[in-house]
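Okay, so here's the structure we're looking at.
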Amino acid sequence: MTSLALAAFIAQATSRSRLQPDAADCVLALAPLMLDLIDQAGSFLEPQHYRSNAAGYTRNLIFDAPDASLSLYAIVWLPGQWTPVHDHGSWGVVGVVEGVLEERSYVRLSPDRGANAGIDLARGGTVLLRHGAVTSFVPNPAHIHVTGVPAERSRAVSLHLYGRTMSNFNIYDVAARTRQRIEVVHNES
Ligand SMILES: [Fe+2]
Numbered sequence: 001m002t003s004l005a006l007a008a009f010i011a012q013a014t015s016r017s018r019l020q021p022d023a024a025d026c027v028l029a030l031a032p033l034m035l036d037l038i039d040q041a042g043s044f045l046e047p048q049h050y051r052s053n054a055a056g057y058t059r060n061l062i063f064d065a066p067d068a069s070l071s072l073y074a075i076v077w078l079p080g081q082w083t084p085v086h087d088h089g090s091w092g093v094v095g096v097v098e099g100v101l102e103e104r105s106y107v108r109l110s111p112d113r114g115a116n117a118g119i120d121l122a123r124g125g126t127v128l129l130r131h132g133a134v135t136s137f138v139p140n141p142a143h144i145h146v147t148g149v150p151a152e153r154s155r156a157v158s159l160h161l162y163g164r165t166m167s168n169f170n171i172y173d174v175a176a177r178t179r180q181r182i183e184v185v186h187n188e189s
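Going by full-length UniProt numbering, the sequence shown runs without a break in its numbering and finishes at 189.
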């Protein structure tokens, strides 16, 4: 822990998330903390948090709670890099520290009874998040989206706080109407 601002953020996020068992209340309580953390990013983001990879967007771990109840990553998006269509199975709070991060939503049309097939998704709207912006999401129903940076824009860097260690998530094949759980890699801090 190299920054008082980061340590304070982790302490407050931990206590607030424990006080808010409902995910929607939790992100309401944590979003203002992320807004302030963006302003302090220069005090704790180090060169390893800006690692990138030409093969795809890069997740650089900043903090992972010992009890797996919270995790914080710096994600670096080079031009043209996107996630697959996915959900997180967790609440999340995202803040943008550099560039413009784009989020394209999907709306689930078929009820979720736990099956990984027969899933109908419709494309929804898009959100453009500049430096300083904060967005959040809750699970149940799953928040399904792709996030990234179009090829014609510059690199983006964003902070992602989740309500669990985010080492796997669900990805969707929209045409095949399927979903599967995959492991997602990150760089250690
Ligand atoms: Fe996501």
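Just so you know, even glycine gets a beta-carbon here, dropped at the ideal spot from N, CA and C.
Fair warning: this is a prediction, and the values are worked out from it, not measured in the lab.
Ranked by Cα distance from R18, the first of F63, E152, L70 and R123 is L70. Within the segment 14-82, the beta strand (DSSP E) runs of at least 3 residues that lie entirely inside it are, in chain order, 58-64 and 71-77. Look at A5 here: in three-state DSSP terms it is helix.
When G118, D120, T135 and F63 are compared, the shortest CA-CA separation from T126 is found for T135. In the three-state reduction of the DSSP assignment, I182 falls in the strand class, which pools E and B.
A Cβ-Cβ distance of about 7 Å is found for the pair N170 and Q180, placing them in contact under the 8 Å criterion. When DSSP assignments are scanned along the segment 75-132, the uninterrupted stretches of beta strand (DSSP E) that are 3 or more residues long and fall wholly within it turn out to be 92-98, 101-108 and 121-129.
Counting along the chain, V134 sits inside the beta strand (DSSP E) bounded by residues V134 to F137. Just so you know, the alpha carbons of N187 and L61 end up roughly 6 Å apart. Assignment of A11 by DSSP, reduced to helix, strand and coil, places it in the helix class. Taking 6 Å as the cut-off, one finds no heavy atom of ligand 1 near enough to the beta carbon of T135. Where H160 is concerned, the enclosing beta strand (DSSP E) starts and stops at A156 to Y162. In this structure, H160 lies near Y73, with their beta-carbon atoms less than 7 Å apart.
By the 16-neighbour rule on beta-carbons within 10 angstroms, V93 is buried.
Cα atoms of H143 and R164: separation of roughly 15 Å, rounded to the nearest angstrom.
Apart from the 5 residues on each side of it in sequence, H86 sits with its Cβ closer than 8 Å to the Cβ of I144, H145, V146, F169, N170, I171 and Y172 in its chain, given in chain order. Cα atoms of A31 and L37: separation of roughly 10 Å, rounded to the nearest angstrom.
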